[in-house]
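Numbering (this note's numbering), first residue to last: 2 to 133.
All C-beta atoms in this analysis are idealised placements derived from N, C-alpha and C, irrespective of residue type, glycine included.
Heads up, the thing below is written out as structure tokens.
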């Protein structure tokens with residue numbers, strides 16, 4: 002039998018979204034509200050990360066003259082959501098996101114962190130020979 006003071010591991014998952022489409026926030030907001038509706042799961046606020054820009058210049062004409070050039074730019078929008086909850090709740094939710102919810106123009110990177118109490122890692126009880 003498990004004791005009543007058994008520790009339930011808390012798992013933090015950071016979902017980092019990337020897209021070239023500016024309508025990125027609508028899909029992510031839907032994922033965040035879905036996460037808040039799941040019992041035992043807390044989805045943090047949507048964090049806007051810096052937008053990455055790629056710029057390049059090409060010559061307009063087919064000849065070697067470099068007088069007319071055209072510049073192109075591509076923006077990559079980045080957003081972050083933090084999900085916190087028990088591992089038995091967070092893991093199925095993230096798997097569900099990967100399998101069903103992601104839109105084709107949306108890329109996601111999952112960064113996981115698990116936290117344990119210090120008592121699980123260290124023994125704080127002193128041995129009898131070290132007690133004063």
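- Ranked by Cα distance from residue 61, the options 50, 73, 54, 42 are led by 73.
- In this structure, residue 83 lies away from residue 12, with their beta-carbon atoms at least 8 angstroms apart.
- If you draw a 10 Å sphere on the C-beta of residue 20, you find 16 or more other C-beta atoms in it, and that means buried.
- The closest CA to that of residue 57, considering only 70, 47, 65, 66, is found on 70.
- Judged by beta-carbon spacing, residue 32 lies beyond the 8 angstroms limit of residue 81, meaning their Cβ atoms are not closer than that value.
- DSSP, reduced to helix, strand and coil, places residue 88 within a helical segment of the structure shown.
- Taking all protein chains shown into account, residue 44 has 16 or more neighbouring C-beta atoms within 10 Å of its C-beta and is therefore buried.
- Between residue 38 and residue 59, the alpha-carbon positions lie close to 49 angstroms from each other.
- Your pair residue 25 and residue 91 does not check out as a contact, with CB atoms roughly 22 angstroms apart and the cut at 8 angstroms.
- A residue is called buried once 16 or more other Cβ atoms fall within 10 Å of its Cβ, and residue 85 is buried on that count.
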